[in-house]
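Novice:
In UniProt numbering, the protein residues as written are 1 to 574.
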């Protein structure tokens, strides 16, 4: 580990980091459309733990958290299984009052938090002409670059600097999720977005005469070769999917005998939303650039096509209590559920989609017969690791298109192995899972960085550990759960997979690289924020030297140690 840090320091001194030479446009503006959607207003509570509390009012929760810092992002959420009825909500008219804040802060902190909130009207829910509008992301413009080993106190301050919690106390099954941001490259290539939509019964049929139901969306976007594709997904993907779902549910509601869409129809709507957005990014952008014949236009419109991003989107319908996870790429979703033994079990809800995944390699070889190098060294054409992604036009455009773009505008020379594109698709693989509120289910969505450091069972066990620690009042050494679960071997409260088999999922390779012992005594509980708790333990836990070193490493070395993570507790006990 010391050799890794020393090498990073020498490289940082030898090659000073430079600022980007240009930035794309500022805010993305949406044209009003779809006035008849009928989506109703919400009020959401946003609580920073421990920094600040903010109340946002809008016609709909639009949690698009563009990042204000030159940082890598880790977003997570959870709530305690013991909350009981302490948090309540009441639907009245077109607004809902959510759970009360548990922390207070100064006016300056509240003002700062408000600057990262987005308020939208119901007629702005859907985006229009999105491809030819600027993609934006806020970054830290201080310009100061300092590389120096952090102390444990400085590491903790950095871990907690931007931690926040979001409460959705609507009694619909979703209670809380936590967010934390960590500085890394400028700007970060990962992103995320969340929305809660109150849907009237005229759009989506409900049970027992309920006037509304909730659609909850959470997205994690793992960008590569640039930040523009993931930023585009943050701004538009949920809206594209919601538009297709709106049409599907509304059509089914006209059937009096069974006013609900079939599972196949819902899955098809989600896939259509994914594919339509990618078509606009990759295909329609070229048509507009060629028509405009302008390098300035090309620089703006082609950026999301030239870079790429994986996407992991969860859609939870409060009426059916079903959560659908749509995966495009190698991010991963894992459900945590309490078992009869009192421990937690880890249930994978997605498969890592890479050239090294057997099912994906088989699919690609069947789609491109006779091309021996369609998958080489676990990568598409020997280059790209994810086998499904948005953007990545170099693996989707025909050779003549790529040569034309390079000749008249800018771009790279086509891969010499390119024969029959597209090789990469944005079509997601969708899984459906029934949420059981009585078992205190929670969901973890994370990019591959987390899973390179921790196994599914370790992540779920750490969340279970954190939940029970909060239940005990945050006091170490008390509570029956510690006596039963943290015995002399320090095991996590999770059932280990006896088969030790994770179909289609890679093992945490960084544990071997950093010679991390397979001993759960390496984990700690020091944070009130579930996201920070997971980050700290992924980066080393009790090994403070490793935590400090990984937080000290500058970009580009730090990129591999940063990830986006969102964790949610899905329970009716709010």
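Even glycine gets a Cβ: it sits at the ideal position worked out from N, Cα and C.
1) Is residue 49 helix, strand or coil by DSSP?
2) Under a three-way DSSP split, which group does residue 448 fall into?
3) Report the partner residues of residue 433 according to the DSSP bridge assignment.
4) Hey, how far is the Cα of residue 581 from the Cα of residue 536?
5) Just confirm the distance between the C-beta atoms of residue 135 and residue 304, as a whole number of angstroms; I'd bet it's less than 8 Å.
6) Considering only their Cβ atoms, is the gap separating residue 227 from residue 188 smaller than 9 Å?
7) Is there a C-beta anywhere in chain D that falls below 9 Å from the one on residue 333?
8) Taking all protein chains shown into account, do 16 or more other C-beta atoms lie within 10 angstroms of the C-beta of residue 149, making it buried, or fewer, making it exposed?
9) Between residue 355 and residue 282, which are expected to be in contact by the criterion C-beta below 8 Å, what is the C-beta distance as a whole number of angstroms?
10) Using only the alpha-carbon positions, how far apart do residue 200 and residue 212 sit?
11) For residue 125, count the other beta carbons within 10 Å of its own beta carbon; 16 or more makes it buried, fewer makes it exposed. Which is it?
12) Near residue 259, what residues of its chain come up, given a Cβ to Cβ distance below 8 Å and the 5 sequence neighbours on each side ignored?
13) Taking residue 267 as part of the alpha helix (DSSP H), name the residues at either end of that continuous run.
14) Flag this pair as yes or no: are the beta carbons of residue 292 and residue 314 separated by less than 9 Å?
15) Which same chain residues, not among the five before or five after residue 270, have their C-beta less than 8 Å away from its C-beta?
16) Does DSSP put residue 224 in a helix, a strand or coil?
17) Smallest Cα separation from residue 276: which of 256, 317 and 233?
18) If you measure between the beta carbons of residue 168 and residue 208, is that distance less than 9 Å?
19) Check residue 412 in the structure and name its three-state DSSP category.
20) Between residue 321 and residue 437, is the Cβ-Cβ spacing less than 9 Å?
21) Near residue 524, which residues of its chain fall below 6 Å by C-beta distance, leaving aside the five closest residues on each side in sequence?
22) Indicate the three-state DSSP secondary structure (helix, strand or coil) for residue 534 in the structure shown.
23) Which class does residue 542 belong to by DSSP, given the choice of helix, strand or coil?
24) Starting from the Cα of residue 410, find the closest Cα among 528, 306 and 255 and give me that residue.
25) Per the contact definition of three or more C-beta pairs closer than 8 Å, is the stretch 363 to 377 in contact with the stretch 409 to 426?
26) Could you tell me which of 367, 455 and 527 sits nearest to residue 425, measuring between CA atoms?
27) Alpha carbons only, please: which of 256, 250, 173 and 393 is nearest the one belonging to residue 319?
28) If you follow the beta strand (DSSP E) that residue 309 is in, where does it begin and where does it stop?
29) Have a look at 364, 362, 192 and 394 and flag the residue whose alpha-carbon is nearest the alpha-carbon of residue 236.
30) Closest to residue 163 by CA distance: which of 231, 547 and 531 is it?
31) Let me confirm a value: residue 287 is counted as buried when at least 16 other C-beta atoms fall within 10 Å, else exposed. Which label applies?
32) For residue 224, count the other beta carbons within 10 Å of its own beta carbon; 16 or more makes it buried, fewer makes it exposed. Which is it?
33) Let me know the beta strand (DSSP E) ranges lying completely inside the stretch 159 to 198, each 3 residues or longer, listed in chain order.
34) Return the CA-CA distance between residue 454 and residue 403, expressed in angstroms with no decimal places.
35) From this set, 351, 361 and 152, which residue's C-alpha is nearest residue 311's C-alpha?
Specialist: With the structure as the only source:
1) Confidence is the limiting factor: at residue 49 the pLDDT is only 40, short of 50, which leaves the residue's position unreliable and the question unanswerable from this model.
2) Residue state, collapsed to three classes: helix.
3) Checking the DSSP bridge columns, you'll see residue 433 partnered with 323.
4) The shown model of the chain, from 1 to 574, leaves out residue 581, and the question about it has no answer.
5) At roughly 6 Å, the Cβ-Cβ gap stays under 8 Å, so residue 135 and residue 304 are in contact.
6) yes
7) Absent here is chain D; the protein component of the structure consists of one chain.
8) exposed
9) Rounded, the Cβ-Cβ distance is 20 Å, inconsistent with contact.
10) 4 Å
11) With a pLDDT of only 43 at residue 125, under the threshold of 50, the placement of this residue in the model should not be trusted; the figure read from the coordinates follows. Answer is buried; the Cβ neighbour count reaches 16.
12) 205, 252 and 253
13) 263 to 279
14) no
15) Excluding positions up to five away in sequence, the list reads 241, 244, 245, 313, 315, 324, 326, 428 and 430.
16) In the structure shown, residue 224 sits in a strand (DSSP, three-state: E or B).
17) 233
18) Contact annotation: residue 168 and residue 208 have beta-carbon atoms that are not nearer than 9 Å.
19) coil
20) yes
21) 541 and 542
22) helix
23) Note: residue 542 maps to coil in three-state DSSP.
24) 306
25) yes
26) Taking only the C-alpha atoms, the option nearest residue 425 is 367.
27) 173
28) 308 to 317
29) Put simply, of 364, 362, 192 and 394 the residue whose alpha carbon is nearest the alpha carbon of residue 236 is 192.
30) 531
31) exposed
32) buried
33) 164 to 167 and 174 to 183
34) The alpha-carbon atoms of residue 454 and residue 403 are separated by roughly 42 Å.
35) 351
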